[in-house]
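Protein chains: 2
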Amino acid sequence: MSNPTDPRAARSRAAILVAARSLLLDEGPAAITHQRVAQKAGVGRATVYRHWAQPGHLLHDAMTGIEMPFFHEPETPVRPWLRSHLQRLADALTTPQIAGVLLTLMQGALRDPAIAVQRDECYEDISGKLRTALALAVANREIELSADPHDLSTLLVGPILYHTTMQARAVSPQLIEQLIDSLGEWHEDPAPRAARP
Amino acid sequence: MSNPTDPRAARSRAAILVAARSLLLDEGPAAITHQRVAQKAGVGRATVYRHWAQPGHLLHDAMTGIEMPFFHEPETPVRPWLRSHLQRLADALTTPQIAGVLLTLMQGALRDPAIAVQRDECYEDISGKLRTALALAVANREIELSADPHDLSTLLVGPILYHTTMQARAVSPQLIEQLIDSLGEWHEDPAPRAARP
């Protein structure tokens, strides 16, 4: 166990985390070994081992510091917000860095309860924002929602993640419109219409 | 390099592959190290190293031998076939073994061209069967398809994979009906109707 009040230990811990995050983003989770991380951080293997006896815990802590560029706070009108944020998500998931971190979370969560907690937080963040967005759209009379609010990220993010990582293709604007359409009956631009004579 | 005509080398190679597959299914890809595989196969580390100098290649070859229990040949009427096969897929993906192998394929394919080939074959197998099934449904006048035939696995398998591995929940029959409904306009049981007076 390292002493958390020792400034040298704190510096080496921070350097190890930076190195581990960089290896995770560049090469994927298999690169998170004591040896590779020590080399990258410029510290001894024993130092890495002293902070994180298990590579799984280091992977967990490295992932905690990675910001996933998913959804911002929803805005009205909701449909254009949804369209641009789904396209941004689709673009991010075509990079091996972002797709790799998300798949590492999903893969790690299958067997590691601490990573399952991170996966659940990431899921709740995404699906909470989508629920808020669609509740706004309902209140704003943009849509008569037919999808279950708890299925929103399954219906929107699931196809995009699969398309980029399993089918390995960029997501077309048409596919995004189709996913948005599948949530219920949208009314076109209700605000401009209300202003018509 | 090992000599492929040496029966002892062939036996140890087979034992190593069995051990690697078992570790992959039970513990995930992180367990595919020379040390763990050698221990499990009851051979020396040097023997594993002689056959597979890189753990990534061993992971690749171990995955080649795992049969993914996805879709059988399509049958008419297509809707009940689709319903039962999507439910079977959803059930399989709630096990860490099957979900783990699929996520390993998706994760590994991001950076390893040989695993990308396996991922593409798996994708083609799934999406080819779904295209055949929906072509049958169109020919059988069960559906007026509005989805792009190349998006079928994105629209059906993507949400199921996300729901089981990211949302970590079993897929309800209602969600499966909703996914099937989203493909186009289905006609109810066309065969019995044609027989009506």
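Residue numbers (the working numbering), protein chains in the order written: chain A, 7 to 203; chain B, 7 to 203. Backbone N, C-alpha and C define an ideal beta-carbon position, used for all residues, glycine too.
Exposed unless 16 or more other CB atoms sit within 10 angstroms - verdict on residue i
i, result
"V123(B)", "exposed"
"R147(A)", "exposed"
"D118(A)", "buried"
"Q60(A)", "exposed"
"L185(A)", "buried"
"A20(A)", "exposed"
"R27(A)", "buried"
"S18(A)", "buried"
"G50(A)", "exposed"
"H78(A)", "exposed"
"G106(A)", "buried"
"H193(B)", "exposed"
"A44(B)", "buried"
"E81(A)", "exposed"
"S90(A)", "exposed"
For residue i, the residue or residues it bridges with in DSSP
i, result
"G62(B)", "G62(B) is not bridged to any residue."
"W192(A)", "I149(A)"
Supposed contact pair residue j and residue i - C-beta distance, whole angstroms, cut 8 Å
i, j, result
"L189(B)", "I149(B)", "7 Å"
"A47(A)", "A25(A)", "4 Å"
"I38(B)", "Q93(B)", "About 31 Å; that fails the 8 Å criterion."
"L162(B)", "L136(B)", "6 Å"
"P102(A)", "L116(B)", "4 Å"
C-beta atoms of residue i and residue j nearer than 9 Å
i, j, result
"P157(B)", "P179(A)", "With the sequence shown as reference, residue 157(B) is identified as Asp, and Pro is not the correct amino acid for it. Result no, Cβ atoms of D157(B) and P179(A) do not sit closer than 9 Å."
"R131(B)", "F76(B)", "Correcting the residue identity first, residue 131(B) is Asp in this sequence and not Arg. For D131(B) and F76(B), yes; Cβs fall inside 9 Å."
"A139(B)", "L65(B)", "no"
"Q173(A)", "Y129(B)", "yes"
"H63(A)", "I22(A)", "no"
"T168(A)", "T110(B)", "The question names Thr, but residue 168(A) is Tyr in the sequence shown. Not in contact: Y168(A) and T110(B) (Cβ atoms no closer than 9 Å)."
"M74(B)", "I104(B)", "yes"
"P35(B)", "G114(B)", "yes"
"L99(B)", "T53(B)", "no"
"A141(B)", "R85(B)", "no"
"S205(A)", "E127(A)", "Nothing about residue 205(A) can be reported from this structure: the residues present for chain A run from 7 to 203 only."
"A145(B)", "D97(B)", "no"
Interface flag, residue i vs chain C, CB-CB below 9 Å
i, result
"A105(A)", "Considering every chain present, this structure includes no chain C. Its protein chains are A and B."
Any non-hydrogen atom of the ligand SAH closer than 8 Å to residue i Cβ
i, result
"W192(B)", "This structure lacks the ligand SAH, and indeed carries no ligand of any kind."
task: Within the stretch 52-115 of chain A, note down every full alpha helix (DSSP H) run reaching 4 residues or more, in order along the chain.
output: 61-70, 84-99 and 102-115
- prompt: What are the complete alpha helix (DSSP H) segments, minimum 4 residues, inside the stretch 21-52 of chain B?
  reply: 40-47
task: Would you list, in sequence order, the uninterrupted beta strand (DSSP E) runs of no fewer than 3 residues that lie entirely inside the stretch 112-182 of chain B?
output: 149-151
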